[in-house]
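Peer 1: Residue numbers (my numbering): 1421 to 1624.
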């Protein structure tokens, strides 16, 4: 049997090669990085502390919004602008000025203070500063309650819960602050613990 060499056409089909004038592949792949903005859901930060003081005294400290600028991080001014009728005279509206670096903003809050529990010792304080330009939602909620029931009020321990609910008006703000915001609640509760020791002492 005689084996014939392949024709020039069949040789090109079996062993294709690029024309001489083509030095780079004809197909290029473009890589693109995707940038996903956060969803429009509200975000929540929560933190809890057990403190060796009666809830009534802690509630009084939390509802004293005029003193916030003395201990709350980045709060450079705090003024109660209206109160509820006597005898409680709890804050009803307040202005909180926040600043760090070149940032300076005043937030007007609607405030709700309510005592609850046995003997009205515990309580809840809510400050709502939503729709202020930067935040679509900004709400802080403090809840103080008995941790251990005790016949002696002075010996009572308290559970303090802080919840911060927020949503930025511009998703880009959320991206730029995502490394900072999650630690805010912890910083505030730590500052509050320092305030408690300053005003009430270390407790029992």
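Think of the CB as a built atom: it goes at the ideal place given N, C-alpha and C, for glycine as much as any other residue.
Excluding the 5 residues preceding and the 5 following residue 1608 in the sequence, name in chain order all residues of the same chain whose CB lies nearer than 7 angstroms to its CB.
Peer 2: The residues are 1492, 1493 and 1582.
Peer 1: Does residue 1540 pass the burial test, meaning 16 or more other C-beta atoms within 10 Å, or should it be called exposed?
Peer 2: exposed
Peer 1: Just how far apart, CA to CA, sit residue 1561 and residue 1481?
Peer 2: Cα to Cα, residue 1561 sits roughly 14 angstroms from residue 1481.
Peer 1: Can the beta-carbon of residue 1623 be found closer than 8 angstroms to that of residue 1475?
Peer 2: no
Peer 1: Decide if residue 1603 is buried, meaning its Cβ has at least 16 other Cβ atoms within 10 Å, or exposed.
Peer 2: exposed
Peer 1: I'd like to know whether the C-beta atoms of residue 1504 and residue 1510 end up nearer to each other than 8 angstroms.
Peer 2: yes
Peer 1: For the candidate residues 1566, 1577 and 1529, whose alpha-carbon lies nearest to that of residue 1542?
Peer 2: 1566
Peer 1: Across the segment 1508 to 1523 and the segment 1550 to 1559, are there enough close Cβ pairs to call them in contact, namely three or more that are closer than 8 angstroms?
Peer 2: no
Peer 1: Look at the Cβ atom of residue 1586, then the Cβ atom of residue 1557, and state whether they are nearer than 8 angstroms.
Peer 2: yes
Peer 1: Between residue 1523 and the rest of its own chain, which residues show a CB-CB distance below 7 angstroms, the 5 nearest in sequence each way excluded?
Peer 2: none
Peer 1: Give the C-beta separation of residue 1467 and residue 1606 to the nearest angstrom, bearing in mind that I take them to be a contact with Cβ-Cβ under 8 angstroms.
Peer 2: Confirmed, Cβ separation roughly 6 angstroms.
Peer 1: For residue 1592, count the other beta carbons within 10 Å of its own beta carbon; 16 or more makes it buried, fewer makes it exposed. Which is it?
Peer 2: exposed
Peer 1: Helix, strand or coil for residue 1518? Go by DSSP, reduced to three states.
Peer 2: Shown here, residue 1518 sits in a strand according to DSSP, grouped into three states.
Peer 1: DSSP beta-bridge partners for residue 1581?
Peer 2: Answer is 1468 and 1563.
Peer 1: Drop a sphere of 10 angstroms on the beta-carbon of residue 1428, count the other beta-carbons inside from all chains shown, and report buried for 16 or more, exposed for fewer.
Peer 2: With a pLDDT of 45 at residue 1428, under the threshold of 50, the predicted position of this residue should be treated as unreliable, though the coordinate-derived value follows. By the neighbour-count rule (16 or more Cβ atoms within 10 Å), residue 1428 is not buried but exposed.
Peer 1: What residues in its chain sit with their C-beta under 7 angstroms from that of residue 1620, if we drop five residues either side in the sequence?
Peer 2: 1473 and 1477, listed in sequence order.
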